[in-house]
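Per this note's numbering, residue 20 is the first one in the sequence shown, and the count goes up by one each step. We put the CB at the ideal spot given by N, CA and C, even for glycine. The structure appears below as structure tokens.
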Amino acid sequence: MESGHNKKLAAGLLIVILRLSPLFFPFAVAAQQDDGERLFRQRCATCHSVDPGQNKMAPNLHGIIGRAAGSLEGASYSGAMRSSRMTWDRQSLDSFLAAPSQVVRGTRMTAGVPTAAQRAAIIRYLESQSPD
Numbered sequence: 020m021e022s023g024h025n026k027k028l029a030a031g032l033l034i035v036i037l038r039l040s041p042l043f044f045p046f047a048v049a050a051q052q053d054d055g056e057r058l059f060r061q062r063c064a065t066c067h068s069v070d071p072g073q074n075k076m077a078p079n080l081h082g083i084i085g086r087a088a089g090s091l092e093g094a095s096y097s098g099a100m101r102s103s104r105m106t107w108d109r110q111s112l113d114s115f116l117a118a119p120s121q122v123v124r125g126t127r128m129t130a131g132v133p134t135a136a137q138r139a140a141i142i143r144y145l146e147s148q149s150p151d
């Protein structure tokens, strides 16, 4: 008898959560974007910028989605990156950020991003910095 009561209680709670979730969704999306920006600033901004036209010691990442790797005018790339024939998208960025020197042997980028959640947040942030 108690098991049936617990199932009804759980089902009722699930319905309440599902009905309330749209109220919190915009806040969750904003928090994810803020997290991506924070992670970018902590892990990437020493070498990279997302401000249009501003290269630091590494290429500018504004508009990176859809860009051919090693192709940004005025940026300094390794020969390996210039000849990689990659186009940056979610999947290629995730793979590269996970293990840069395994994806592009000879890349100058050595620091990776260890967790999938951090990579996803950074990639979402980079997507928000790319023109539509």
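{"Check": "Counted within 10 angstroms of its Cβ, other Cβ atoms place S103 as buried (16 or more) or exposed", "Outcome": "buried"}
{"Check": "R117 vs G55 beta-carbon contact at 7 Å", "Outcome": "Per the sequence shown, the amino acid found at residue 117 is Ala instead of Arg. Contact flag unset, no."}
{"Check": "Inter-residue spacing [alpha-carbon to alpha-carbon] between D53 and G23", "Outcome": "42 Å"}
{"Check": "Continuous alpha helix (DSSP H) stretch holding E146: start and end", "Outcome": "A135 to S147"}
{"Check": "DSSP-derived helix/strand/coil call for A87", "Outcome": "strand"}
{"Check": "CB of R149 within 7 Å of CB of I84, strictly", "Outcome": "The residue asked about is misnamed: residue 149 is Ser in this sequence, not Arg. In contact: S149 and I84 (Cβ atoms closer than 7 Å)."}
{"Check": "Selected residue, minimal CA-CA separation from T129, among K26, S97 and A135", "Outcome": "S97"}
{"Check": "C-beta atoms of T106 and A87 nearer than 7 Å", "Outcome": "yes"}
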